[in-house]
Amino acid sequence: MDYDKLLTLSSDLGYHLLFSGAEIYRVEESVRYLLTAYGVETGEVFAIPNCVIVSLTAPGQKPITQMRRVPGHGTDISRMETLNALCRRLCAQRPDLDQAAGELASVVEEGYHTPVAVELAAYVLLTSAFCLLFGGTARDAFCGGVCGLAVGLVVPFLTRLGTNLFFKAMVGGFFCGLLAAGFTDLGVGEHIDLIITGAIMAQAPGLVITNFMRDVMAGDMMSGLVKLAEALLTGAGIALGTGVALSLVNAVWGVL
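In terms of my numbering, the sequence shown has 319 at position 199, counting the first letter as 1, and numbering is strictly consecutive.
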């Protein structure tokens with residue numbers, strides 16, 4: 121048994137599960153099951169949203185450890201399910217480590233990518249629906265959809281540039297506030313508050329807050345606190361960006 125290869129395989133599996141948005145307990149259990157399936161009884165794994173550490177002790181050797189840092193990521197349920205199925209298959213069949221690593225690489229390379237048009241349509245539909253849900257009119261929903269389209273264009277672009285979470289939230293909030301104020305002043309929209317509220321739902325950290333509560337209830341306090349900090353940071357960025365946009369519009373209209 122090449123324990124270095126096994127350690128690399130286990131840490132790669134944990135890394136890609138975390139990157140796909142898997143729960144902390146799922147990541148730790150999957151890696152632990154994989155180590156146990158290959159005969160390691162002293163394997164340990166520790167994961168938080170941006171890091172996974174795997175350690176094992178080979179017979180007659182010193183403990184070896186590998187740490188992988190996970191960059192900012194979203195949630196890819198399709199890849200998560202595929203990785204889960206792969207983990208179960210590896211634990212049941214225990215193929216050669218090189219073959220297992222190749223199967224893992226194939227799963228990662230074959231990840232499904234949502235077409236840009238579908239993503240933009242989802243942004244428009246989401247923000248328009250929330251405008252209506254909060255009591256807005258059809259005109260408000262139209263304006264909210266345009267704001268959502270702007271967010272769908274700007275935020276992924278900033279993500280590709282490697283922009284941090286706070287700045288992306290702030291820029292998205294800024295465009296929502298600016299467009300909502302502009303539409304309302306031009307008479308296209310009717311209720312600026314409902315347009316902004318519906319538009320910023322495209323960036324609201326609802327899933328992050330849900331994951332925070334789930335991790336805390338599962339006893340993963342550190343992971344839960346990290347997600348709570350992420351949710352608070354995102355909310356603060358949205359509020360700051362929206363406030364700057366509204367202040368700017370009021371200042372410009374006051375001068376004019």
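For glycine and all other residues, C-beta sits at the position ideal for the given N, C-alpha and C. Just so you know, these numbers come straight off a predicted model, no measurement behind them.
- Counting C-beta pairs with one atom in each stretch, the segment 301-318 and the segment 167-176 have fewer than three that are closer than 8 Å, which means they do not touch.
- Membership of Phe-139 in the alpha helix (DSSP H) is indicated by the continuous run 123-139.
- Around the C-beta of Val-151, 16 or more other C-beta atoms lie within 10 Å, and the residue is accordingly described as buried.
- For Arg-208, the enclosing alpha helix (DSSP H) stretches over residues 197-213.
- For Asp-335, the number of other beta carbons within 10 angstroms of its own is at least 16, and it is reported as buried.
- Per DSSP, Gln-186 lies in no alpha helix (DSSP H); the unbroken beta strand (DSSP E) holding it starts and ends at 183-189.
- Shown here, Phe-254 sits in coil according to DSSP, grouped into three states, outside any helix or strand.
- Following the DSSP letters along the chain, one finds Thr-177 in no alpha helix (DSSP H) but inside the beta strand (DSSP E) bounded by residues 171-177.
- Taking Leu-366 as reference, the option from Ile-312, Thr-156 and Phe-254 with the minimal CA-CA separation is Ile-312.
- Asn-331 and Asp-196 have their C-alpha atoms some 14 Å from each other.
- Scanning Val-369, Tyr-158 and Gln-213 for the CA closest to the CA of Met-121 turns up Tyr-158.
- For the 8 Å CB-CB criterion, Cys-251 and Leu-314 form a contact.
- Residue pairing by DSSP places Phe-295 opposite no residue, since no beta bridge is assigned to it.
- Within 10 angstroms of the beta-carbon of Arg-146 lie 16 or more other beta-carbons, which makes it buried.
- Of Gly-357, Gly-355, Thr-354 and Ile-329, the smallest CA-CA separation from Gly-344 is found for Ile-329.
- A contact is defined here as three or more CB-CB pairs under 8 Å, and the segment 276-296 meets this definition with respect to the segment 357-365.
- In the DSSP secondary-structure assignment, Ala-167 is bridged to Val-172.
- Under the DSSP assignment, Gly-307 falls outside any alpha helix (DSSP H); it carries neither an H nor an E label.
- The beta-carbon separation of Asp-132 and Leu-224, rounded to 6 Å, stays under the 8 Å limit for a contact.
- In this structure the segment 282-289 does not touch the segment 206-222; the number of beta carbon pairs closer than 8 Å is below three.
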